[in-house]
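Comments concern the structure below.
Residue numbers (my numbering): 908 to 1165.
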């Protein structure tokens, strides 16, 4: 059977999914991060399926989400988006260290994935953490700076007054470059990616990811890109099934050894 346990490290609550017989054993680790306004429980289908395949899956709540929800709400939380992303990247490191310290990772086999905001955090984490072996990005963008600038322009066009000065925005864009995978491509170091993105996505437009994906597929033969022309900003069932299969194949040798 699959067990789902509630855990926490520092201020990060998370769910941990694993087979009962694997409790306490070193296993391939997969961390899956939810999207904006979502929460850890919303991705239990990924956790259950991957746990069935012999992995240990962690589902954390990001800052201002799930159990970490606070007084921030609505448009104010929108302005905190990139702070949430930056904190999420830090949280990934905390979770990886926790798993290693507790001897829960088999053979340094660590994978990461997420949807939308979770995919954006995933891309940024690849810049920061070379120990991540493979990643799944669903509906996200690796072009953090360009996407942030588009978000700001969209907010302005909608008639909202920004609570930031031009100087503050400039500093934010400079900071985003530090974990923008399109501007730190060498940090990927040929690690494989599974990318799914709807080409009619209006929330995180595909155009921001397109040049990166085209270059990636040409240079990294282990990476996979699946497109979609109907789903918009919603992960389709084929995307979910193919992502799970891809993860399983990329850790197949390790999984069979456990």
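Note that the Cβ used here is the ideal one computed from N, Cα and C, for glycine as well.
None of these values were measured; they are calculated from a predicted model.
As the crow flies, the alpha-carbon of residue 1035 is around 32 Å from that of residue 1136.
DSSP places residue 1112 outside any alpha helix (DSSP H), giving it a letter other than H or E. Taking a C-beta distance under 8 Å as the contact criterion, residue 1033 and residue 1083 do not qualify as a contact pair. The three-state reading of DSSP puts residue 1135 in strand, counting E and B together.
A distance below 6 Å between beta-carbons, with the five flanking residues on each side excluded, links residue 960 to the following residues of its chain, in chain order: 1155. In this structure, DSSP gives residue 923 an extended state, which the three-state scheme calls strand. Looking from the CA of residue 1027, the closest CA among 969, 908 and 1003 belongs to 969.
In this structure, residue 1139 and residue 1105 form a Cβ contact; the two beta carbons are roughly 6 Å apart against a cut-off of 8 Å. In this structure, residue 1003 lies away from residue 991, with their beta-carbon atoms at least 8 Å apart. Annotation for residue 912: the continuous beta strand (DSSP E) segment containing it runs 909 to 916. For a cut-off of 8 Å, the C-beta gap from residue 1133 to residue 1149 is around 6 Å, short enough to register as a contact.
Listed in chain order, the alpha helix (DSSP H) elements of length 4 or more contained wholly in the region 1063 to 1104 are 1073 to 1083. Within the model, the alpha-carbon separation for residue 986 versus residue 927 is close to 41 Å.
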